[in-house]
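Using the working numbering, the letters of the sequence shown map in sequence onto residues 1170 to 1237. Cβ atoms here follow ideal geometry from the backbone N, Cα and C, with glycine treated the same way.
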Amino acid sequence: MYGTGAGLLMLVYAAFCWRKQGIHTRYEGWKTREEAPKSFARNMVFYLLFGLVLMATDAYRAFVYGKT
């Protein structure tokens, strides 16, 4: 169940970053998509994939083992 919550939070944050067209970077703060295009793309892929994997893992565990 925790994976679903964490995955959902990651997807919500990815949607927020996509809507605002920026990311938060360590030591530098908020960067727009134009200022850091590679970091923006890398973070979007990471948040989407990892969020979906967390949610899918919980769904698989609930289906196979019948518990969360």
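Counting only the Cα atoms, residue 1231 lies some 30 Å from residue 1186. DSSP places residue 1220 in the uninterrupted alpha helix (DSSP H) bounded by 1206-1234. Contact between the segment 1170-1188 and the segment 1222-1230 is present: three or more C-beta pairs spanning the two stretches fall below 8 Å.
Annotation: residue 1196 to residue 1207 spans about 17 Å, alpha carbon to alpha carbon.
Comparing C-alpha distances from residue 1183 to each of 1233, 1216, 1227 shows the shortest one belongs to 1216.
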